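Taken in sequence, the protein lines are chains A, B and C. For the first sequence, this note's numbering begins at 1 and goes up steadily by one. For the second sequence, this note's numbering begins at 239 and goes up steadily by one. For the third sequence, this note's numbering begins at 477 and goes up steadily by one. Positions of the beta carbon are idealized from the N, C-alpha and C atoms, including for glycine. Since the model is a prediction, treat every value here as computed from it, not as a measurement. To start, the structure under review is shown below, and the notes come after it.
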Amino acid sequence: MIDLTREGNVFVLTMNDGENRWNTRFVRAMAAALDEVEASTGAAALLTTSASEKFYSNGLDLEWRASTGEHRGGDRDVFGDEFMTLMGRIITFPMPTVAAVNGHAFGAGFMNAMCHDVRLMRSDRGFICANEVEIGMVIPDPELALFRHKLPMNTFFETVQLAKRWGGPQALAAGIVQSIAPLEELRAQALARAEELSRLGANRAVYGKMKERLYGENAAINGVHGPAYMLRNGAAFH
Amino acid sequence: MIDLTREGNVFVLTMNDGENRWNTRFVRAMAAALDEVEASTGAAALLTTSASEKFYSNGLDLEWRASTGEHRGGDRDVFGDEFMTLMGRIITFPMPTVAAVNGHAFGAGFMNAMCHDVRLMRSDRGFICANEVEIGMVIPDPELALFRHKLPMNTFFETVQLAKRWGGPQALAAGIVQSIAPLEELRAQALARAEELSRLGANRAVYGKMKERLYGENAAINGVHGPAYMLRNGAAFH
Amino acid sequence: MIDLTREGNVFVLTMNDGENRWNTRFVRAMAAALDEVEASTGAAALLTTSASEKFYSNGLDLEWRASTGEHRGGDRDVFGDEFMTLMGRIITFPMPTVAAVNGHAFGAGFMNAMCHDVRLMRSDRGFICANEVEIGMVIPDPELALFRHKLPMNTFFETVQLAKRWGGPQALAAGIVQSIAPLEELRAQALARAEELSRLGANRAVYGKMKERLYGENAAINGVHGPAYMLRNGAAFH
């Protein structure tokens, strides 16, 4: 379901479950792989990708959600909290994280990609999309906050309100992904980028603390006072 | 003053008052047209444009503001509140809204365009501009908040502090408008885009609620806690 | 150390101290020059640049920080507060400010450039970079807030978390600088831009108040209520 290998300083986490739809079993397999990555020391980065040629991750496991009784997807009741907690862990993961978006990334799959530090996307095919409004759902607040903290405001609006389907070149121009490449070069480029960034993972205390300051409780950048006030009253802010 | 027609699923609201400057009579004519649009049911979108070839809307009706006694512009005292309330209504309108900016959009006219979900702009002529600082006025807080929530921060600053005049291609590159077209193609492209988005207007409860979450009271995205905190404490945010 | 001249309506402040690294003496020389600029009246703009061909400003004076006893850099204890206060002054300076970034701008030098209203950057050589994470430091909150208020969110993240080194063309595409030019044309273009903007400096009360509203105490744009709420309840916001 989740394959984890190491190449140089890069932990390569390959989602290997078909469309890589999210259920409780998938969340726990991801969490277990992250435990292994986090137990390492020294320079390191995390690269996630998919074994599928068509899907990075296609969203929630809707078949499982609609089913009843025993199911390989696991406990339905705990899913919401466990999935959200996993996303909160990835967005503050204490080493550089790179997503090689090799195919469609919808809904929860898009969230996962956005929780990474860097995204490379396949240039020729595949869309990323937060399709909640398209299917009649309001996007939950934590997901809104995720997109709002990662994207320029114009891109944020088109993403969450208009459920825009972004292809690779559009996603690059909109600031959603940092580069694009043909499928046959994507993995190698993502691996090279992760290797380059792995040096920052050597100091996990600083790297993780920075993300907490950006995205955590009472985040430094979300206060009501602007930078002029904070600069002039610096003693109150360190 | 305001013409309202329907083409397919699209309500076409044409501002037809010369430079389309804002006074109380103009605000009330717009509000009445919106009442008619909002009373509809089913798939729908709103397209606004202007009958002028030179102006989408050229700002406040300064001649009226400076005048005294009876005037076709109507009650001067209620204007500020009624105009701002109308803008607050448009930015949360419960169906997709598209502005075909076929000419200059200054001050209040720029605000109106920015309250829409999508903007197409004439490519060859015309500027959009928040010219308050240029004419010695401080921009009111609600207008600042409008621009700040819709634009990338660098574009926001140039817009409100430097009173930058954005032509079509520049406005596209800066993230202010989503596409540009020659005047003779602008209306048809805007109509096609509105028709395409009208499906999202079928579920007005979800579409309107999303905008309230983005732009309303205690907006979900404006809290002090970052997305990592919100994701980890999801139960407190739904 | 700091040269100040006037060309037309533009005060040209040239940092002339080699790599222009920040110590207390340098901060005070800058502040004294700003006093002189601010004492003027009428149309005016401030242009800052460097006498070096390689550095705009290369960050803190690390040699001074690591030294003990008498040093030309001055009092070490007061530096943090005085530097931050100076940055808070520049970001709200009551006339247009233009930085001609003619070479590397690292750390404190990057902060200084970002406190300006407009940045032009050399196109062929030189990087701007907030390199704290690269050297194992967490960026202080006021500096985070500065970058977060000036940059699109995707650019902000790459800047502060990944310590990205931005060359001229990249910085332009990312929204960090507003234009680029070859070194031999940079100063003239920056001077022309400052001269053009100097008209806005004639009304210093409005120009300075706008920046306070954007970046000061209880900044208008940082409240928890979104623009729809503010527009509908305009009376509470003016």
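Using beta-carbon positions only, say whether Asp537(C) and Arg497(C) come within less than 8 Å of one another.
Yes.
Taking buried to mean at least 16 other C-beta atoms within 10 Å of its own C-beta, is Pro658(C) buried or exposed?
Exposed is the call here.
Beta-carbon spacing of Met352(B), Tyr445(B) below 8 Å:
No, these two residues do not count as a Cβ contact at 8 Å.
Is the CB of Arg624(C) under 8 Å away from at least one CB in chain A?
Yes, Arg624(C) lies at the interface with chain A (some Cβ there is under 8 Å from its Cβ).
Can you give me, in chain order, the residues of the stretch 104-121 of chain A that have a beta carbon less than 8 Å from any beta carbon in chain C?
So the list reads Asp117, Val118, given in the order they occur along the chain.
Listing by chain order, which chain C residues have their CB less than 8 Å from the CB of Leu382(B)?
Those within 8 Å of Leu382(B) in chain C are Arg689, Leu690, Ala696, Ile697.
Against Gly297(B), what residues of chain C qualify as contacts under a CB-to-CB distance less than 9 Å, listed in chain order?
Neighbours of Gly297(B) on chain C: none; closest Cβ ~17 Å, over 9 Å.
Three-state class that DSSP yields for Ala509(C) in the structure shown
Helix at Ala509(C).
Could you check whether the Cβ of Arg232(A) sits closer than 8 Å to any Cβ belonging to chain C?
In terms of beta-carbon proximity, Arg232(A) lines the interface with chain C, with at least one pair separated by less than 8 Å.
At 7 Å on the CB atoms, spell out the chain C contacts of Gly175(A), in chain order.
Here the neighbours are Pro628, Asn630.
Chain C contacts from the stretch 263-284 of chain B (Cβ-Cβ distance under 8 Å):
If you check each beta-carbon in the stretch 263-284 of chain B against every beta-carbon of chain C, none falls closer than 8 Å.
Would you please verify whether the beta carbon of Thr573(C) is less than 8 Å from any beta carbon of chain A?
Proximity of Thr573(C) to chain A, defined by a Cβ-Cβ separation below 8 Å, is not satisfied.
Which residues, in order along the stretch 630-646 of chain C, keep a beta-carbon less than 7 Å from a beta-carbon of chain B?
Taking 7 Å as the Cβ-Cβ cut-off against chain B, none of the residues of the stretch 630-646 of chain C qualify.
Start-end ranges of the beta strand (DSSP E) lying completely within the stretch 583-635 of chain C, minimum 3 residues
Restricted to the stretch 583-635 of chain C, the beta strand (DSSP E) segments that are unbroken, complete and at least 3 residues in length are 594-598, listed in chain order.
Please report the distance separating the alpha-carbon of Ile176(A) from that of Ala219(A).
The alpha-carbon atoms of Ile176(A) and Ala219(A) are separated by roughly 22 Å.
Any beta carbon from chain A within less than 8 Å of Met325(B)'s own beta carbon?
Not closer than 8 Å to any Cβ of chain A, the Cβ of Met325(B) fails to qualify, so no.
Whole-angstrom distance between Ala606(C) and Ala519(C), CA atom to CA atom:
Going by the C-alpha atoms only, they are around 33 Å apart.
Could you tell me how far apart the beta carbons of Met686(C) and Ile377(B) are, in whole angstroms, since I believe they sit closer than 8 Å?
About 7 Å; that satisfies the 8 Å criterion.
Taking Ala521(C) as part of the beta strand (DSSP E), name the residues at either end of that continuous run.
521-526 is the span of the beta strand (DSSP E), which, as asked, contains Ala521(C).
In the structure shown, what three-state DSSP assignment does Glu185(A) receive?
The answer is helix: DSSP assigns Glu185(A) an H, G or I state.
At a Cβ threshold of 8 Å, is Gly226(A) touching chain C?
At least one chain C Cβ lies under 8 Å of Gly226(A).
Is the beta carbon of Gly710(C) less than 8 Å from the beta carbon of Gly234(A)?
No; because the gap between Cβ atoms is not below 8 Å, this pair is not in contact.
Measure the CB-CB distance between Leu47(A) and Val12(A) and report whether it falls below 8 Å.
The answer is yes: Cβ separation under 8 Å.
Should Leu667(C) be flagged as near chain B, meaning a C-beta pair shorter than 8 Å?
By this cut-off, Leu667(C) is not an interface position.
What's the C-alpha gap between Ser599(C) and Trp642(C)?
The C-alpha of Ser599(C) lies about 11 Å from the C-alpha of Trp642(C).
Assuming Tyr87(A) contacts Ser50(A) under a Cβ cut-off of 8 Å, what Cβ separation, rounded to an integer in Å, is found between them?
Checking the sequence, you will find Met at residue 87(A) rather than Tyr. No, Met87(A) and Ser50(A) are not in contact; Cβ-Cβ is about 17 Å, not under 8 Å.
Less than 7 Å between the CB of Arg310(B) and some heavy atom of the ligand FAD, yes or no?
Absence of the ligand FAD is noted for the structure shown, with no ligands found whatsoever.
Complete runs of the beta strand (DSSP E) confined to the stretch 81-108 of chain A [at least 3 residues]:
Runs found: 97-101, 104-106.
Beta-ladder partner(s) of Ser533(C), from DSSP:
Its beta-bridge partners are Ala581(C).
Unbroken alpha helix (DSSP H) run spanning Leu676(C), endpoints:
From DSSP, Leu676(C) is part of no alpha helix (DSSP H); its letter is neither H nor E.
Would you mind telling me which residues of chain C sit closer than 8 Å to Leu197(A), beta carbon to beta carbon, in chain order?
Correct list: Leu638.
Checking contacts by CB at 8 Å: is Asp75(A) closer than that to chain B?
Asp75(A) does not count as touching chain B.
Using 8 Å as the limit for Cβ to Cβ distance, is Thr49(A) near chain B?
Using a Cβ-Cβ cut-off of 8 Å, Thr49(A) does not count as an interface residue toward chain B, since no Cβ of chain B sits closer than that to its own.
Which residues bound the alpha helix (DSSP H) around Met477(C)?
Neither: Met477(C) is in no alpha helix (DSSP H) and is coded neither H nor E.
Between which residues of its own chain and Trp540(C) is the CB-CB distance below 6 Å, once the five residues before and five after are set aside?
Asn499, His547, Gly549, listed in sequence order.
By the DSSP assignment, the alpha helix (DSSP H) with Leu494(B) in it spans what residues?
Because chain B spans 239 through 476 in this model, residue 494(B) falls outside it and cannot be assessed.
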